[in-house]
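There are 2 protein chains.
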Amino acid sequence: MYTLSEENYLKSIYRLSQQSNFKITPTAIAESLKNNPASVVDMIRKLTDKQLIEYDKKKGVKLTPVGLKDAVLIVRRHRLWEVFLLEKLGYHWDEIHDIAEELEHISDATLADRLDKFLGFPEYDPHGDPIPKANGKVPKPYSVTLADLKIGTNCRVAAVKDTSSSFLQYLQKLDIGIGTNIKLLEKITYDNSLVISINDKENTTVSQKFGENILVD
Amino acid sequence: MYTLSEENYLKSIYRLSQQSNFKITPTAIAESLKNNPASVVDMIRKLTDKQLIEYDKKKGVKLTPVGLKDAVLIVRRHRLWEVFLLEKLGYHWDEIHDIAEELEHISDATLADRLDKFLGFPEYDPHGDPIPKANGKVPKPYSVTLADLKIGTNCRVAAVKDTSSSFLQYLQKLDIGIGTNIKLLEKITYDNSLVISINDKENTTVSQKFGENILVD
DNA sequence: ATATAAAATTAGTCTTAACTAATTTTATAA
DNA sequence: TTATAAAATTAGTTAAGACTAATTTTATAT
Ligand SMILES: [Mn+2]
Ligand SMILES: [Mn+2]
Ligand SMILES: [Mn+2]
Ligand SMILES: [Mn+2]
Chain A
271 MYTLSEENYL KSIYRLSQQS NFKITPTAIA ESLKNNPASV VDMIRKLTDK
321 QLIEYDKKKG VKLTPVGLKD AVLIVRRHRL WEVFLLEKLG YHWDEIHDIA
371 EELEHISDAT LADRLDKFLG FPEYDPHGDP IPKANGKVPK PYSVTLADLK
421 IGTNCRVAAV KDTSSSFLQY LQKLDIGIGT NIKLLEKITY DNSLVISIND
471 KENTTVSQKF GENILVD
Chain B
271 MYTLSEENYL KSIYRLSQQS NFKITPTAIA ESLKNNPASV VDMIRKLTDK
321 QLIEYDKKKG VKLTPVGLKD AVLIVRRHRL WEVFLLEKLG YHWDEIHDIA
371 EELEHISDAT LADRLDKFLG FPEYDPHGDP IPKANGKVPK PYSVTLADLK
421 IGTNCRVAAV KDTSSSFLQY LQKLDIGIGT NIKLLEKITY DNSLVISIND
471 KENTTVSQKF GENILVD
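Chains as they are written, first to last, in the numbering used here: chain A, 271 to 487; chain B, 271 to 487.
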């Protein structure tokens with residue numbers, strides 16, 4: 271149906287549309303895919319011709335209903351495979367993303383639904399991201415970050431925004447995973463560092479960037 | 271490591287080297303991959319440069335030790351995924367080959383071994399083909415076909431040579447699968463058709479071609 | 001309003017992996 | 001042995017999807 275590149279662009283545009291309200295520009299897409307804006311312009315033309323996106327210099331790139339539906343299905347496959355890799359094959363949560371980047375492109379009409387069933391219809395992937403349903407409905411993702419909380423609040427780690435190995439391995443070192451209980455004790459005025467207590471244990475200080483990449487419940 | 275095309279060529283050359291002693295020519299490879307001999311000549315040059323094959327006009331194409339090792343690993347992945355698709359996701363044996371053709375190219379150092387373990391280290395894939403071991407050893411495949419048997423012999427279906435949907439669906443209709451018991455009752459002299467009894471049930475006549483594509487134990 | 005910087009676009013190049021058409025080499029049959 | 005057919009190879013083309021460099025458009029700051 272789609273080429274590998276087309277799918278990666280669709281997914282990238284979808285992700286950008288989810289993670290903020292900024293205009294989706296060729297440069298933004300180029301950054302997210304780590305390629306050249308000139309290449310992006312070419313692909314924008316191609317996807318526009320295929321009626322998967324619309325591009326307006328003022329409004330930026332938008333997925334059409336068809337483009338959105340298919341982007342969501344790719345994300346669905348990605349997240350289901352991540353669950354499989356972690357739960358069935360015993361990978362750690364910092365190893366699964368790159369493999370799922372390849373698996374998500376396997377095209378078979380019933381594969382995702384069978385995998386979904388096999389995994390017991392999981393709601394969230396191992397990073398706390400919601401898994402789109404077979405009908406294309408996407409459960410609402412978590413949106414409040416650790417950095418948004420008021421001093422003294424207790425919370426549960428629900429998801430991570432950054433899925434890079436370095437961030438996930440740092441979390442592992444701090445004994446933080448999905449479900450971990452965190453209490454925000456103090457915000458350092460100087461640089462917005464956060465003093466937290468992890469699972470009621472001794473205090474730890476983390477950066478603002480760190481706090482902004484943890485979604486809580 | 272390798273491109274999709276390189277992997278498909280390696281696998282194709284490996285398969286040709288397994289299924290007969292004929293010289294592996296550009297034309298033979300072209301047929302097996304359904305593409306043009308001219309394209310094959312290009313790729314032979316490329317794989318030769320990479321020292322994965324050797325090509326001699328007299329002897330044809332041969333895999334080098336490195337090429338052989340990697341071809342076997344691709345086949346290993348293919349067959350393991352076939353087991354997964356059948357046993358875990360509930361596909362039928364005529365549906366799995368094409369999906370495994372895509373899955374076999376997922377490259378991750380430990381994926382095949384984890385999958386192998388998850389599946390309980392299966393010896394054979396759903397078509398009866400032996401699954402190469404992690405160390406590259408390939409169990410000996412079955413080699414005696416139904417057409418090779420003497421009249422009156424009883425046998426167990428061990429593997430199928432042809433994995434096309436049409437053949438597998440025909441087998442399904444006849445209630446023949448891996449493990450089915452077959453007794454060869456008669457060979458029709460005229461066209462080598464075979465009269466067989468399936469699981470001791472009523473007699474059926476099948477073609478010579480059919481008999482040559484069933485491997486027995 | 002104008003200068004400057006950033007973003008978008010165009011033009012042209014490259015690589016991979018296919019193809020067709022033409023040619024050369026090798027095998028086969030009369 | 002020679003004619004013919006088949007196979008292999010070469011030459012040239014195409015398409016996708018990336019790139020760089022140059023240019024044009026748009027945004028931002030003085
Ligand atoms: Mn991921
Ligand atoms: Mn994830
Ligand atoms: Mn197969
Ligand atoms: Mn098989």
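Virtual Cβ for every residue (Gly too), placed ideally from N, Cα, C.
With a threshold of 7 angstroms, the Cβ atom of E365(B) does not count as near ligand 4, since no heavy atom of the ligand is closer than that. When distances are taken from the beta-carbon of P411(B) to the heavy atoms of ligand 4, even the shortest one reaches 7 angstroms or more.
According to DSSP, V427(B) shares a beta bridge with V486(B). The beta carbons of L303(B) and I294(B) sit about 12 angstroms from each other, so the pair does not count as a contact at 8 angstroms.
Shown here, E365(A) sits in coil according to DSSP, grouped into three states, outside any helix or strand. Under DSSP, L333(B) forms a beta bridge with I323(B).
The beta carbons of L280(B) and A341(B) sit about 4 angstroms from each other, so the pair counts as a contact at 8 angstroms. Below 8 angstroms, enough C-beta pairs join the region 345 to 353 of chain B and the region 389 to 396 of chain B to call them touching: three or more. Our two residues, S435(B) and R426(A), have alpha carbons roughly 50 angstroms apart in a direct line. Assigned with DSSP and collapsed to three states, Y394(A) falls in strand. In the DSSP assignment, L454(A) falls within the unbroken beta strand (DSSP E) covering 451 to 457. Around the beta carbon of T433(A), 16 or more other beta carbons sit within 10 angstroms, so the residue counts as buried. Residues of the region 345 to 360 of chain A with a Cβ closer than 7 angstroms to any Cβ of chain B, in chain order: K358, L359, G360.
Beta-bridge partners assigned by DSSP to P400(A): Y394(A). Looking at the DSSP output, I283(B) bridges to nothing. Under DSSP, the beta-bridge partners assigned to I294(A) are G330(A). The C-alpha of K410(B) is placed about 12 angstroms away from the C-alpha of K403(B). Annotation for S467(B): the continuous beta strand (DSSP E) segment containing it runs 464 to 468. Within chain A, H375, I376, S377, D378 have C-beta atoms less than 9 angstroms from the C-beta of E372(B), given in sequence order. Taking the beta carbon of I401(B) as reference, no residue of chain A falls within 9 angstroms; the closest one sits roughly 17 angstroms away.
Against chain B, a Cβ distance below 7 angstroms from L322(A) picks out nothing, because the smallest value is about 22 angstroms. If you ignore the 5 residues before and after G330(A), its C-beta comes within less than 7 angstroms of the C-beta of K293, I294, T295, all in its own chain and listed in chain order. Of the other Cβ atoms in all chains shown, fewer than 16 fall within 10 Å of the Cβ of Y460(B); this residue is therefore exposed. In terms of beta-carbon proximity, F292(A) stays away from the interface with chain B, with every pair separated by 8 angstroms or more. Excluding the 5 residues flanking it on each side, D487(B) has same chain C-beta neighbours closer than 7 angstroms at Y412, C425, R426, A428, in chain order. With the rule of 3 Cβ pairs closer than 8 angstroms, the region 377 to 394 of chain A counts as touching the region 354 to 363 of chain B. When Cβ-Cβ separations below 8 angstroms define contact, I369(B) makes contact with chain A.
Here the alpha carbons of I458(B) and L464(B) stand approximately 6 angstroms from one another.
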